[in-house]
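Novice: Structure in structure tokens, see below.
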Amino acid sequence: MLRWFLLAFASAASALPAQLVVATAQYDNSRTGANLLETKLTPDNVSSGRFGKSFVMPVTGNVNAQPLYVPGLDVAGKGVHDVVFVATEHDNIYAFDAAGQPAEPLWRVHLADPEKGINPVDSHFLACSFISPEAGITPTPVIDPATRTMYALVRTFENPPGTQGHYVQRLHAIDIATGLERTGSPVRIHAAMKGSAFFGLSQRDVEFDPQVENPRAALLLSGGQVYIAWGSSCDHGSYYGWVMAYDAHTLRQRAVFNTAPDAGESAIWQGGAGLAADDEGNVYGVTGNGSFNASSKGGRNYGDSVLKLGLRDSALAVLDFFTPSTQMRMNWTDQDLGSTGPLLLPDQPGPHRHLMAAAGKNGVIYLIDRDRMGKYQFSSDSHAVQTVETPSSLYGAAAYWNGHLYYFGSDNVLCEFALTNGRLSPEPVRRGTQRFRNPGAIPVISANGVRNGIVWAVRTKTAAEHDVEGVLQAYDASDVSHLLYNTEGTKDHPGLSLRLTMPMIANGRVYVASHDAVSVYSLRN
23 MLRWFLLAFA
33 SAASALPAQL
43 VVATAQYDNS
53 RTGANLLETK
63 LTPDNVSSGR
73 FGKSFVMPVT
83 GNVNAQPLYV
93 PGLDVAGKGV
103 HDVVFVATEH
113 DNIYAFDAAG
123 QPAEPLWRVH
133 LADPEKGINP
143 VDSHFLACSF
153 ISPEAGITPT
163 PVIDPATRTM
173 YALVRTFENP
183 PGTQGHYVQR
193 LHAIDIATGL
203 ERTGSPVRIH
213 AAMKGSAFFG
223 LSQRDVEFDP
233 QVENPRAALL
243 LSGGQVYIAW
253 GSSCDHGSYY
263 GWVMAYDAHT
273 LRQRAVFNTA
283 PDAGESAIWQ
293 GGAGLAADDE
303 GNVYGVTGNG
313 SFNASSKGGR
323 NYGDSVLKLG
333 LRDSALAVLD
343 FFTPSTQMRM
353 NWTDQDLGST
363 GPLLLPDQPG
373 PHRHLMAAAG
383 KNGVIYLIDR
393 DRMGKYQFSS
403 DSHAVQTVET
413 PSSLYGAAAY
423 WNGHLYYFGS
433 DNVLCEFALT
443 NGRLSPEPVR
453 RGTQRFRNPG
463 AIPVISANGV
473 RNGIVWAVRT
483 KTAAEHDVEG
493 VLQAYDASDV
503 SHLLYNTEGT
513 KDHPGLSLRL
523 TMPMIANGRV
533 YVASHDAVSV
543 YSLRN
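Residue numbers (the numbering used here): 23 to 547.
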């Protein structure tokens, strides 16, 4: 499968170098977190004293979504630009020139309408401080470079004059050259299915609740379908885990899946990481706290599980799953597996060619065979290909590069594990030197193929902490004990931090989202 999105431009005389397109969170549908087309930034020049903060892209609203990047885009009325797209919790989407020339947005669209009583959701009514003071566009959108269309999930509270007001979520399809809605956009999110959660033993319609359901995981585009996942806002309310598929061309809802219709909970939040997809179009997600009974006849509750879903006509079916033997204890003690997203690894030698990694708050990394995921086993975790215990809770995502897997756990340092012949080293082969408090960080890689690898990470605030300055750090990916760059205590800090920020690296620049801005770092002349 493609490990990164790229456009290759060729002339009759010669082929030009491939250009990176960051069309989705974590660079690719495998969610490797690695940009392998970075030719400008190297460990040597990032550590030389020439690298630092260059400029800021100011926006209205906090930025929880990872910025996206499309080079060589012909923007209506503005000419050709390398473009960075930023989505905010104020329901704004911006298109900026990637180099800050010009500094003002190439276009901006506001997907609410205050004059009609349509506004971003006041976070006070979500009873969760992690996304505040308002909730608008939380998950990272996804772009189809072929059609120049961005898909974004937007939340609003709509209170036109004379009404009581109601919460709404919509899927928008935006032309990235103009900022205008595509034909048929937006569509309102709605779903219902039979279930007994919160109703005793009786089967009733379980309906999607746009106030309670929090779309935290990044959107996925695979096989012509846009996939969206939902969880909770700080475990409040009668929530479920949902996955829905929408036709990318028509925005027609194709299929709906509920992770625990007879129990509730089992959110898919993944610390902001996206659902993953393989070459066959199978979709992978990880659920959080909730009941599990899928190993029993007729059971369909999948708490603390890794799911492999397939789109079959008008249904999303569970093709296979993996559930740790300790699922019941994990649920009782808030050690949910779904605090990180899935990572699909490149093909491996040996009996388990198609591996994936999943990890959660219990600190265990599970290597799972995607062809035979193992389902559930009560006595032990021998149904996993391998388990590796770490001393810290894990949030957000890992990154993979050049035979190594990188995790940055809560109250821990960056850890580098070697993957050899389909097995992880039982301990980190190298460790970073800078300890990050809860929730740790999401590592992101920039590299030129297998050369000049750099691990980037942003230190953010703890769960109960007031706003603090973020810290951007860079490590040598070949040996993470070498710290290359650190903004702590300098004027180059990236602003007030949000939780679990994913930096984006493209064409020699590093983009770091924060409160009301994206800070841009590059080499200085």
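Cβ atoms here follow ideal geometry from the backbone N, Cα and C, with glycine treated the same way. Source: prediction; values computed, not measured.
Is the stretch 60 to 67 touching the stretch 305 to 318, taking contact as three or more C-beta pairs under 8 Å?
Specialist: Too few Cβ pairs lie closer than 8 Å, so no.
Novice: Return the Cβ separation of serine 244 and valine 305 in integer angstroms, given the expectation that the two are a contact with Cβ distance under 8 Å.
Specialist: So it is a contact: roughly 7 Å between Cβ atoms.
Novice: Can you check DSSP and say which residues form a bridge with alanine 117?
Specialist: Answer by DSSP bridge pairing, in chain order: Phe107, Trp129.
Novice: Relative to the C-alpha of threonine 281, which residue among Phe343, Ser336, His212, His146 is closest?
Specialist: It is Phe343 whose Cα lies nearest to the Cα of threonine 281.
Novice: Please check if any C-beta of chain D sits within less than 8 Å of the C-beta of serine 347.
Specialist: Going by chain labels, chain D is absent from the structure shown, which holds only one protein chain.
Novice: Is DSSP giving serine 414 helix, strand or coil here?
Specialist: The answer is coil: DSSP assigns serine 414 none of H, G, I, E or B.
Novice: Just tell me which of Ala298, Asp326, Thr355, Ala299 has its CA closest to the CA of serine 285.
Specialist: Per the sequence shown, the amino acid found at residue 285 is alanine instead of serine. Considering only alpha carbons, the answer is Asp326.
Novice: At a threshold of 7 Å, does alanine 251 count as lining the ligand GDP (C-beta to nearest heavy atom)?
Specialist: Summarising the ligand content, the structure contains no ligands, and the ligand GDP is consequently not present.
Novice: Give me the residue from Ser361, Val451, Val532, His488 with the minimum Cα distance to glutamine 292.
Specialist: The residue with the shortest Cα to Cα distance from glutamine 292 is Ser361.
Novice: Nearest-angstrom Cα distance between proline 521 and arginine 322?
Specialist: Reading the sequence as shown, one finds arginine at residue 521 and not proline. One C-alpha to the other measures close to 32 Å.
Novice: Have a look at Asp300, Thr272, Ser347 and flag the residue whose alpha-carbon is nearest the alpha-carbon of serine 401.
Specialist: Out of Asp300, Thr272, Ser347, Ser347 has the C-alpha closest to the C-alpha of serine 401.
Novice: Determine the DSSP secondary structure at arginine 481, reduced to helix, strand or coil.
Specialist: Note: arginine 481 maps to strand in three-state DSSP.
Novice: Flag this pair as yes or no: are the beta carbons of alanine 87 and isoleucine 159 separated by less than 8 Å?
Specialist: Yes.
Novice: When the Cα atoms are used, what is the spatial distance from arginine 546 to proline 93?
Specialist: Their backbone Cα atoms lie some 21 Å apart in a straight line.
Novice: Please name the residue in His488, Ala535, Asn460, His258 whose C-alpha comes closest to that of leucine 494.
Specialist: When each option's Cα is compared against that of leucine 494, the closest is Ala535.
Novice: Whose C-alpha, out of Tyr173, Gly83, Gly99, Met352, is nearest the C-alpha of aspartate 144?
Specialist: Nearest C-alpha to aspartate 144: Gly83.
Novice: Examine the Cβ distances between the stretch 96 to 106 and the stretch 115 to 131 and report whether three or more of them are shorter than 8 Å.
Specialist: Yes: at least three Cβ pairs fall under 8 Å.
Novice: Have a look at proline 161 and alanine 239 and give me their C-alpha separation to the nearest angstrom.
Specialist: Each residue's Cα considered, the two are about 6 Å apart.
Novice: Look at glutamine 247 and arginine 276 and say whether their C-beta atoms are less than 8 Å apart.
Specialist: Yes, these two residues count as a Cβ contact at 8 Å.
Novice: Please say whether leucine 416 and tyrosine 398 have beta carbons closer to each other than 8 Å?
Specialist: For tyrosine 398 and leucine 416, no; Cβs fall outside 8 Å.
Novice: With 16 as the cutoff for other CB atoms within 10 Å, does proline 448 come out buried or exposed?
Specialist: Under this definition proline 448 is an exposed residue.
Novice: When the distance is taken between beta carbons, is glycine 462 closer than 8 Å to glycine 294?
Specialist: For glycine 294 and glycine 462, no; Cβs fall outside 8 Å.
Novice: Per DSSP, which residues does alanine 548 bridge with? Please list them.
Specialist: Because the chain in this structure spans residues 23 to 547, residue 548 falls outside the shown range and cannot be described.
Novice: Which of the three DSSP states is assigned to valine 234 in this structure?
Specialist: Coil, per DSSP.
Novice: Within 10 angstroms of its Cβ, does alanine 168 collect 16 or more other Cβ (buried), or is it exposed?
Specialist: Label assigned to alanine 168: exposed.
Novice: Roughly how many angstroms lie between the CA atoms of glycine 454 and lysine 138, to the nearest whole one?
Specialist: If I take the Cα positions, the gap works out to 52 Å.
Novice: Figure out for me which residue from Gly55, His212, Glu180, Asn315 has the closest Cα to the Cα of valine 265.
Specialist: With distances taken between Cα atoms, valine 265 lies closest to His212.
Novice: Closest to aspartate 433 by CA distance: which of Asp403, Ser519, Gly385 is it?
Specialist: Ranking Asp403, Ser519, Gly385 by Cα distance to aspartate 433 puts Gly385 first.
Novice: Drop a sphere of 10 angstroms on the beta-carbon of alanine 499, count the other beta-carbons inside from all chains shown, and report buried for 16 or more, exposed for fewer.
Specialist: When all chains shown are included, alanine 499 counts as buried.
Novice: Taking buried to mean at least 16 other C-beta atoms within 10 Å of its own C-beta, is proline 136 buried or exposed?
Specialist: Burial call: exposed.
Novice: Decide if histidine 146 is buried, meaning its Cβ has at least 16 other Cβ atoms within 10 Å, or exposed.
Specialist: By the neighbour-count rule (16 or more Cβ atoms within 10 Å), histidine 146 is not buried but exposed.
Novice: Could you tell me the boundaries of the alpha helix (DSSP H) in which proline 208 lies?
Specialist: That residue, proline 208, is in no alpha helix (DSSP H); it is neither H nor E in DSSP.
Novice: Would you please state the rounded distance, in angstroms, between the beta carbons of tyrosine 173 and leucine 193? I believe it to be under 8 Å.
Specialist: 6 Å between Cβ atoms; contact.
Novice: How is tryptophan 291 classed by DSSP in three states: helix, strand or coil?
Specialist: Coil at tryptophan 291, not helix or strand.
Novice: In whole angstroms, give me the CA-to-CA distance for glutamate 491 and glycine 517.
Specialist: Taking the straight line joining both Cα atoms gives about 5 Å.
Novice: On the DSSP letters alone, give me the boundaries of the alpha helix (DSSP H) that valine 68 sits inside.
Specialist: Note, valine 68: alpha helix (DSSP H), 65 to 68.
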